[in-house]
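Have a look at the structure below, then the notes.
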Amino acid sequence: MKAMKILRYATMLVFVLASIRVITGASDLTSTGTASAALLLSVPIVLAALGGLFSERAGVVNIGLEGMMIMGAWAGGYIGSQHGPWFGLMAAMIFGSVGALVHAIATVTFGVDHVVSGVAINIIAAGLVRYLSTLMYKNGSWPGPSQSPGIETIPLNGLPVLSGGQYFGWKSPDLLGSIANLNWFFVSDIASILRGLTGDVSYVTVVAISFVPLAYFILWRTAFGLRLRSAGEAPVAAESLGVNVYAMKYAGVLISGGLAGLGGGFLAIVAASNYQENQVAGRGYIGLAALLFGNYRPGGLLAGAGLFGFADALQLRDSAAIHALLLLIVVILAFVAFRKFKSGKQIGGLLALTAAGFTLWFYFAVDELPGQLVTMTPYIATLLVMALASQRLRMPAADGMPYRRGGLR
Amino acid sequence: MSVAVELRHITKRFPGVIANKDVSIKVETGTVHALVGENGAGKSTVMKILYGMQRPDSGEILVNGANVNFKNPNDAIAAGIGMVHQHFMLADNFTVLENIILGSEPKHGATIDFVAARKKVVEMAAQYGLDIDPDVLVEELGVGQRQRVEILKVLFRGAKILIFDEPTAVLVPQEVDDLFKALEGLRAQGMAVIFISHKLDEVLRVADEVTVVRQGSTVAEVKSKDVTARQLAELMVGSELPKPSTLGHTRREEITLTLRDVSIATATGSRNLISNISFDLHAGEVVGIAGVEGNGQAELVEAIMGLREYTGSIEFHGSSIDELSVAERHDLGIGLIPEDRQRQALMMSSPLWENRILGHQRGKPVMRGFVIDKKATIESTRTIMQEFDVRAPGPDTLAAALSGGNQQKFIVGREMSKVPALLVASHPTRGVDVGAQGAIWDVLRKAREKGMAVVLISADLEELIGMSDRLLVMLRGAITAELDPTKTTPEQLGSAMTGAV
Numbered sequence: 065m066k067a068m069k070i071l072r073y074a075t076m077l078v079f080v081l082a083s084i085r086v087i088t089g090a091s092d093l094t095s096t097g098t099a100s101a102a103l104l105l106s107v108p109i110v111l112a113a114l115g116g117l118f119s120e121r122a123g124v125v126n127i128g129l130e131g132m133m134i135m136g137a138w139a140g141g142y143i144g145s146q147h148g149p150w151f152g153l154m155a156a157m158i159f160g161s162v163g164a165l166v167h168a169i170a171t172v173t174f175g176v177d178h179v180v181s182g183v184a185i186n187i188i189a190a191g192l193v194r195y196l197s198t199l200m201y202k203n204g205s206w207p208g209p210s211q212s213p214g215i216e217t218i219p220l221n222g223l224p225v226l227s228g229g230q231y232f233g234w235k236s237p238d239l240l241g242s243i244a245n246l247n248w249f250f251v252s253d254i255a256s257i258l259r260g261l262t263g264d265v266s267y268v269t270v271v272a273i274s275f276v277p278l279a280y281f282i283l284w285r286t287a288f289g290l291r292l293r294s295a296g297e298a299p300v301a302a303e304s305l306g307v308n309v310y311a312m313k314y315a316g317v318l319i320s321g322g323l324a325g326l327g328g329g330f331l332a333i334v335a336a337s338n339y340q341e342n343q344v345a346g347r348g349y350i351g352l353a354a355l356l357f358g359n360y361r362p363g364g365l366l367a368g369a370g371l372f373g374f375a376d377a378l379q380l381r382d383s384a385a386i387h388a389l390l391l392l393i394v395v396i397l398a399f400v401a402f403r404k405f406k407s408g409k410q411i412g413g414l415l416a417l418t419a420a421g422f423t424l425w426f427y428f429a430v431d432e433l434p435g436q437l438v439t440m441t442p443y444i445a446t447l448l449v450m451a452l453a454s455q456r457l458r459m460p461a462a463d464g465m466p467y468r469r470g471g472l473r
Numbered sequence: 207m208s209v210a211v212e213l214r215h216i217t218k219r220f221p222g223v224i225a226n227k228d229v230s231i232k233v234e235t236g237t238v239h240a241l242v243g244e245n246g247a248g249k250s251t252v253m254k255i256l257y258g259m260q261r262p263d264s265g266e267i268l269v270n271g272a273n274v275n276f277k278n279p280n281d282a283i284a285a286g287i288g289m290v291h292q293h294f295m296l297a298d299n300f301t302v303l304e305n306i307i308l309g310s311e312p313k314h315g316a317t318i319d320f321v322a323a324r325k326k327v328v329e330m331a332a333q334y335g336l337d338i339d340p341d342v343l344v345e346e347l348g349v350g351q352r353q354r355v356e357i358l359k360v361l362f363r364g365a366k367i368l369i370f371d372e373p374t375a376v377l378v379p380q381e382v383d384d385l386f387k388a389l390e391g392l393r394a395q396g397m398a399v400i401f402i403s404h405k406l407d408e409v410l411r412v413a414d415e416v417t418v419v420r421q422g423s424t425v426a427e428v429k430s431k432d433v434t435a436r437q438l439a440e441l442m443v444g445s446e447l448p449k450p451s452t453l454g455h456t457r458r459e460e461i462t463l464t465l466r467d468v469s470i471a472t473a474t475g476s477r478n479l480i481s482n483i484s485f486d487l488h489a490g491e492v493v494g495i496a497g498v499e500g501n502g503q504a505e506l507v508e509a510i511m512g513l514r515e516y517t518g519s520i521e522f523h524g525s526s527i528d529e530l531s532v533a534e535r536h537d538l539g540i541g542l543i544p545e546d547r548q549r550q551a552l553m554m555s556s557p558l559w560e561n562r563i564l565g566h567q568r569g570k571p572v573m574r575g576f577v578i579d580k581k582a583t584i585e586s587t588r589t590i591m592q593e594f595d596v597r598a599p600g601p602d603t604l605a606a607a608l609s610g611g612n613q614q615k616f617i618v619g620r621e622m623s624k625v626p627a628l629l630v631a632s633h634p635t636r637g638v639d640v641g642a643q644g645a646i647w648d649v650l651r652k653a654r655e656k657g658m659a660v661v662l663i664s665a666d667l668e669e670l671i672g673m674s675d676r677l678l679v680m681l682r683g684a685i686t687a688e689l690d691p692t693k694t695t696p697e698q699l700g701s702a703m704t705g706a707v
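The listed protein sequences derive, respectively, from chains A and B.
65 is the number of the first residue of the first sequence in this note's numbering; add one for each residue after it.
207 is the number of the first residue of the second sequence in this note's numbering; add one for each residue after it.
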């Protein structure tokens, strides 16, 4: 039922995008390249958000995701350039977990405020990797104080038959790719998006995306997950049933650090080919926003990360397409207005309708958006969607609250 | 008969408070053993020690004759001890099933075997008459149903020694009967049941033996057939039991509160949580709202206080207050004693003087202009503590350090300090010991004589009948009966509440 609903909305969205593409001629809206780039840009955010999911479900707010990603990215660059990409990714996870361990000791064992500890980790991580990078440069093993040597790439592949790729020397046909090239309205749009999502994909991406259902399985289908979530919902009740709340919180935060570190490693090893300073650039925070947008659920955070990735990919590839995106906002606002009027909320509907009219006027009034605005698109999109969607959020009941064993009478 | 549990000379101190001092209890298998005492006497602390949630400073615990040292509830559970908590230990955002299996999940490979768990829970629920839907979220349940979840949790773990911490405080007589039947069954199967209560008639009905706790120490252990309620009460407080009663009519001509067709729909609008509630309340009158928990009483309170949107009209002293905010209603002289003191009335980790400010933050004596007048607030807090006998070291004590009864007395005192014209009292004496109960009743009685109108909501039927001038029965959100308390017995009221007239 739910899956059908999601599928229906996704199809509607693609249809609207395809229509806008035809109207405006912004071909990158639904191109294979955009979809592929969006996926690549989404993965680190997905990993960060999954990290946040484990931590916050266990009741520990994790602003430190950013710092853990930074540590992961550096370790990925350092180990990856010496021992190959796979060891690099493993080192990224371990380094992220080290950052998480500090966070866990501070918040769980010593009861430090979660936000204070998280911010401290972000600041320390940035300083620490800068220091280590400088050391590497001084001893001559790195080309510069802000970047590591190149890292060997991990091969790409696609779905057999559907989207090309190599299988044991056999070159698979690229069915979706050929449909995409036919230029049929809507059909080719769907094909090219699917081709972008399934073709020329790094193995790491496949693994990372598979973590989403895996996280759902662990958190909602296993005893460990139930106990971990109970530590974030009602720790005193959990303790009264013999759940080791401290252990659950430690586990949640450590898994969180591992995933965030992997996200950082992905940036250095898969998305780029070496470590560069400021590579993470706020993706830890965006991951947290995606988690909130997704209402602390794996499927939701995937949607949030996808949205950001799409907006980011579009602004990188084709700034004219961002202009066309204004029409999408018009359509969405009109849809919201329709829903509001239908449920009898006149004021809300009127507001949405006004905003839609204004956006439409803006679309016709300017031919090209200023460059600064284009670069800001992913952030603006995140902000807008958060503002619209955050009204029914349900965070874990005891998230961010200090917990002491036996402390509550 | 063998001894299931024995506590010897247990002592436990908290900062500033001695919770237990030389407590000794002996519970035999196949019996129901009651632990009675005022709130704040230390009953709950004893049981938390027995359940491994807290460690005693000195003394020893024996289970089935063997000396044990519980580090955490896991150890207690492993020794076959289960606890039905007074303040429910449930995760609101989990389903009933998840709450029950948490900590001892049946597994199927790597995953939880939800099928087997559901089957077992449904079977147990049927066996003990604890009817419940395992798949709804706990936040959607009423208090009575939450207690069933708590009991099922304990039974699911196969406990042989069951601790019930004031289980009847929230139940109507019929439910109490069901609970006591379940207890009989447990006793017959050779389990040891520890029953904590301060309702002495219930204790005498269900218990074989009674241990009395006063001011942190055990003062007597008696067989229930050898004592009367009066004797137990004297052991408990050293004086006679106060009775809920109002003498004579103090009802005046003027109408304080008028409700006309007040309704609240659910969020989806599919049905009404309360529908077409209408009544008049005169000054100097107490109207008692009877009903099983979750039949619209909470929503009625929210409507009167303006906490929730409603249709229909509410008038206060003859003028409509429908458009007024909560603050404005408060300022007009409508006071509230909320049903859940810890969640709705107190900041648990703040000192009492800060709690004194809650709800009174717009005027004297706590404010001087825009600034909090700390000195005057502390002074006024001290006055409330003296007048209402709130037992705590001082205004700087954290609210969490007070026993439930003292918290409640403080809340009543805070509300009465402003002399409201209308008091909405939601379970004003729930979980409160006899001494504090009598004190709260006294306050309500005196204010009623001076012309205060009271909407009294309670699960304690004796209190409802004794304190009210008029009884309204709520069932499924509507008023289904109006009764004269002088001609109503608790049993009759109980039947009216369940709709089985």
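Just so you know, even glycine gets a beta-carbon here, dropped at the ideal spot from N, CA and C.
As the structure is a computational prediction, the values presented were derived from the model and not from experiment.
Margin query: With a threshold of 8 Å on Cβ separation, who are the neighbours of V80/A within its own chain once the five nearest residues in sequence on each side are excluded?
Written below: L392, V395
Next item on the list: Output the distance between the C-alpha atoms of L261/A and S100/A, rounded to the nearest integer angstrom.
Entry: 5 Å
Note to self: Let me confirm a value: G471/A is counted as buried when at least 16 other C-beta atoms fall within 10 Å, else exposed. Which label applies?
What the structure shows: Annotation note: pLDDT 47 at G471/A (below 50); position unreliable, coordinate value reported separately. Burial is judged here by how many other beta carbons sit within 10 angstroms of a residue's own beta carbon; G471/A has fewer than 16 and is exposed.
Next item on the list: Going by CA-CA distance only, name the one from S210/A, S205/A, M157/A that's closest to Q340/A.
Entry: S210/A
Checklist line | Runs of alpha helix (DSSP H) wholly within the region 218 to 299 of chain A (minimum 4 residues, chain order) | finding: Runs found: 239 to 244, 251 to 262, 267 to 285, 287 to 297.
Note to self: Suppose you measure from the CA of G396/B to the CA of D414/B; what does that come to, to the nearest Å?
What the structure shows: The straight-line gap separating the alpha-carbon atoms of G396/B and D414/B is approximately 13 Å.
Next item on the list: State the DSSP-derived secondary structure class of S145/A, mapped to helix, strand or coil.
Entry: helix
Check: In terms of residues, what are the limits of the beta strand (DSSP E) holding K429/B?
Finding: 423 to 429
Next item on the list: Kindly list the residues whose CB is nearer than 8 Å to the CB of I590/B, restricted to its own chain and excluding five residues on each side of it in sequence; keep chain order.
Entry: R562, V596, F616, G619, R620, S623
Notebook entry, point to check: Name the chain A residues whose beta carbon is nearer than 7 Å to that of K313/B?
Noted result: A287
Notebook entry, point to check: Can you list the residues of chain B that A302/A reaches, using a CB-CB cut of under 9 Å?
Noted result: The contacting residues are M295, A297, L308, G309.
Check: For the alpha helix (DSSP H) that H387/A lies in, which residues bound it at each end?
Finding: 383 to 406
Notebook entry, point to check: Skipping 5 residues on each side, what residues in its chain have a beta carbon closer than 7 Å to that of V412/B?
Noted result: V238, F386, L389, F401
Notebook entry, point to check: Would P362/A be called buried (16 or more neighbouring beta carbons within 10 Å of its own) or exposed?
Noted result: buried
Margin query: Between which residues of its own chain and S526/B is the CB-CB distance below 8 Å, once the five residues before and five after are set aside?
Written below: If the five residues before and after S526/B are omitted, its C-beta is found closer than 8 Å to the C-beta atoms of S519, I520, all from its own chain and listed in chain order.
Next item on the list: Would you identify the three-state DSSP class for K405/B, choosing helix, strand or coil?
Entry: coil
Next item on the list: Mind listing the chain B neighbours of E120/A? Cutoff is C-beta to C-beta under 7 Å, in chain order.
Entry: Residues of chain B passing the Cβ test: none, with the nearest at roughly 13 Å.
Note to self: When you compare the CB positions of L303/B and A323/B, do they come within less than 8 Å of one another, or not?
What the structure shows: yes
Notebook entry, point to check: Can you name the start and end residues of the beta strand (DSSP E) that S481/B belongs to?
Noted result: 478 to 488
Notebook entry, point to check: DSSP on R420/B, reduced to helix/strand/coil?
Noted result: Correct three-state label for R420/B: strand.
Margin query: Counting only Cβ-Cβ distances shorter than 7 Å, please list the residues of the region 164 to 182 of chain A near chain B, keeping chain order.
Written below: none
Check: chain A partners of I283/B, CB-CB under 7 Å?
Finding: G306
Note to self: Can you confirm whether the region 285 to 295 of chain A touches the region 345 to 356 of chain B when touching is taken to mean that 3 or more C-beta pairs between the two stretches lie within less than 8 Å?
What the structure shows: no
Check: On the three-state DSSP scale, how would you describe H523/B?
Finding: coil
Check: For the putative contact between K232/B and V209/B, defined by C-beta atoms under 8 Å, what is the C-beta separation to the nearest angstrom?
Finding: 6 Å between Cβ atoms; contact.
Notebook entry, point to check: From P340/B to V327/B, what distance separates their C-alpha atoms?
Noted result: Going from the Cα of P340/B to the Cα of V327/B covers about 8 Å.
Margin query: Under DSSP, the alpha helix (DSSP H) around T75/A begins and ends at which residues?
Written below: 66 to 88
Margin query: By DSSP's criteria, N501/B is part of a beta bridge. Which residues make up the other side?
Written below: For N501/B, which the question treats as bridged, DSSP gives no partner whatsoever.
Notebook entry, point to check: Taking 7 Å as the cut-off, does the CB of G705/B come closer than this to any heavy atom belonging to the ligand NAP?
Noted result: Looking at this structure, you won't find the ligand NAP or any other ligand, since it has none at all.
Note to self: I'd like the list of long-range same chain contacts for I318/B, defined as Cβ closer than 6 Å, with 5 residues on each side in sequence excluded.
What the structure shows: Correct list, in chain order: E311.
Notebook entry, point to check: With 16 as the cutoff for other CB atoms within 10 Å, does R535/B come out buried or exposed?
Noted result: A residue is called buried when at least 16 other Cβ atoms come within 10 angstroms of its Cβ; R535/B meets this threshold and is buried.
Next item on the list: Identify every run of the alpha helix (DSSP H) within the region 122 to 170 of chain A, keeping only runs that are complete inside it and at least 4 residues long; order them along the chain.
Entry: 129 to 147, 149 to 168
Margin query: Please list the terminal residues of the continuous beta strand (DSSP E) segment that includes A336/A.
Written below: No beta strand (DSSP E) contains A336/A, which DSSP labels as neither H nor E.
Notebook entry, point to check: What's the gap between the Cα of G683/B and the Cα of G500/B?
Noted result: 9 Å
Check: Going by the beta-carbon positions, is the gap between A156/A and G328/A smaller than 8 Å?
Finding: The answer is yes: Cβ separation under 8 Å.
Next item on the list: Have a look at the DSSP bridge pairing and note the partners of G288/B.
Entry: According to DSSP, G288/B shares a beta bridge with L368/B.
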